[in-house]
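Take a look at the structure set out below.
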Amino acid sequence: MATIRTALKEGANNTQGDNTEMFTMICEMRKEMQEREKKEQALRDEREREKKQDMEERERERKRAEERIDEMRKEMSQLQQAFQVMYKEREVEKGNEEHQAHKEKEIEQTCEEHRAIQAQSEQLRVVHFPAPGKSERVECTTPPKMPCEVLKLPCEVSELEAFVKGLVEGLKENAMGPPRRTGRMAPTKGTVGFEAPCRSFGRTVTAGDNSSPTGAVTLRHGDRTVNTYALIDFGSSASLMSHETQDLLDVEGLAKPLTLSWTNGDMQEEPDSEEVSVEILDAKGNSLKLDGIRTVSAMNLPKQSYEGTPTLLLGLPHAHLTYGQSN
Numbered sequence: 001m002a003t004i005r006t007a008l009k010e011g012a013n014n015t016q017g018d019n020t021e022m023f024t025m026i027c028e029m030r031k032e033m034q035e036r037e038k039k040e041q042a043l044r045d046e047r048e049r050e051k052k053q054d055m056e057e058r059e060r061e062r063k064r065a066e067e068r069i070d071e072m073r074k075e076m077s078q079l080q081q082a083f084q085v086m087y088k089e090r091e092v093e094k095g096n097e098e099h100q101a102h103k104e105k106e107i108e109q110t111c112e113e114h115r116a117i118q119a120q121s122e123q124l125r126v127v128h129f130p131a132p133g134k135s136e137r138v139e140c141t142t143p144p145k146m147p148c149e150v151l152k153l154p155c156e157v158s159e160l161e162a163f164v165k166g167l168v169e170g171l172k173e174n175a176m177g178p179p180r181r182t183g184r185m186a187p188t189k190g191t192v193g194f195e196a197p198c199r200s201f202g203r204t205v206t207a208g209d210n211s212s213p214t215g216a217v218t219l220r221h222g223d224r225t226v227n228t229y230a231l232i233d234f235g236s237s238a239s240l241m242s243h244e245t246q247d248l249l250d251v252e253g254l255a256k257p258l259t260l261s262w263t264n265g266d267m268q269e270e271p272d273s274e275e276v277s278v279e280i281l282d283a284k285g286n287s288l289k290l291d292g293i294r295t296v297s298a299m300n301l302p303k304q305s306y307e308g309t310p311t312l313l314l315g316l317p318h319a320h321l322t323y324g325q326s327n
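Per UniProt numbering, the sequence shown starts with residue 1, numbered consecutively.
Quick look at the structure:
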């Protein structure tokens, strides 16, 4: 009986020892699992951080790329605008060059025609309207050579007055209202010359004869008409019109800067001058086209003996409107 108790007691002691050892092992395993879980969580956190940083970096790169694209678009837009400006300037320059070449060709053709006429006959007669107080017409044996040569009329004073009168009456036939002369010439004999170079359509012209005849005219462009005064001045190598009349007619032309040299010695710069074309009307409504009119801000003309200020100056290029020829 004592032996059985001893055996049971030893078995119980052995069982208790085994349980303690097992508990210790379980605790150690649990501790290892916790440490492993901590390490795995740390790794997951590290990966999450790296992933977040990578996404932020990509977002910054995307924004930088968008900003660069915007800058490139702006640069491209500026380049396109600059190209359009250059293209327009080139087109304007090309148009001016073509117009100038065409104008020079027309002038050269006119010169050749006048030279041919002069070569065919040197005895052409120019018949003018009668001088004031005379009923007969005056003839000069030497015709005006226009627009390429020097205009010289070796006539008596009465004949010269008749020539001027003829210019006025010629303008009267193509204008509305009676023209008037601004002065008379002294009774002397001589030769009057007006320089009219073939290529006088340049940057500098001379204008402003204080004894030039003046008349009332009607100008038209499109559906607009303007009643004004015109001054005849063959000492001017260009025909001029004021900007005010240009605006009233609503006419535009090619830009051609101009320098005016008036007979009183004044120089006038016209950087905004344009070359335009208008029509001049007669009393019956018939029209003649005036090409190559240069616009100016103001015309430095002498004071006239009537009310009204000329806004149109007909120079040598339009002398054919105010005189006639016959064989």
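Each residue gets a CB set at the ideal place from its N, CA and C atoms; glycine is no exception.
Just grab the DSSP bridge partners of residue i for me.
i: Val296; result: Ser242
i: His221; result: Arg224
i: Lys289; result: Glu279
i: Leu313; result: Leu231 and Leu240
i: Leu254; result: Glu275
Would you say residue i faces chain B, with C-beta separation under 8 angstroms as the test?
i: Ser239; result: Judged by its chain identifiers, the structure shown contains no chain B, having just a single protein chain.
According to the Cβ coordinates, are residue i and residue j closer than 8 angstroms?
i: Glu269; j: Gly292; result: no
i: Leu316; j: Ser242; result: no
i: Arg294; j: Ser273; result: yes
i: Thr259; j: Leu312; result: no
i: Leu254; j: His99; result: yes
i: His318; j: Ser239; result: yes
i: Val217; j: Thr245; result: no
Give every residue of the same chain whose Cβ lies closer than 8 angstroms to the Cβ of residue i, excluding the five residues on either side of it in the sequence, and list them in chain order.
i: Met86; result: none
i: Arg73; result: none
i: Glu71; result: none
What does a CB cutoff of less than 7 angstroms around residue i pick up in its chain, not counting 5 residues either side in sequence?
i: Lys289; result: Ser277 and Glu279
i: Glu75; result: none
i: Pro257; result: Arg203, Glu270, Pro271 and Ser273
i: Met176; result: Caution is warranted here: a pLDDT of 40 is assigned to Met176, below 50, making its placement in the model unreliable, and no coordinate value can be reported.
i: Asn19; result: none
Cutting at 6 angstroms between CB atoms, please list the residues of its own chain near residue i, excluding the five before and the five after it.
i: Gly202; result: Any reading at Gly202 must be qualified, since the residue scores a pLDDT of 32, below 50, and its modelled position is unreliable; the value itself is stated next. Cβ within range, chain order: n/a, list empty.
i: Leu231; result: Ser212, Thr214, Pro310 and Leu313
i: Arg90; result: none
i: Asp209; result: For Asp209, the predicted model reports a pLDDT of 44, less than 50, meaning its position is unreliable and no value from the coordinates is stated.
i: Glu93; result: none
i: Arg181; result: For Arg181, the pLDDT reaches just 35, beneath the cut-off of 50, and the residue's location in the model is therefore unreliable, although a value from the coordinates is still provided. Within the same chain, Arg181 has close Cβ partners Pro213.
i: Glu104; result: none
Does the segment 249-263 touch the segment 218-225, meaning 3 or more C-beta pairs lie closer than 8 angstroms? yes
Hey, which unbroken runs of the alpha helix (DSSP H) at 4 residues or more fall wholly within the segment 25-84? DSSP assignment within the segment 25-84 yields no whole alpha helix (DSSP H) run of 4 residues or more.
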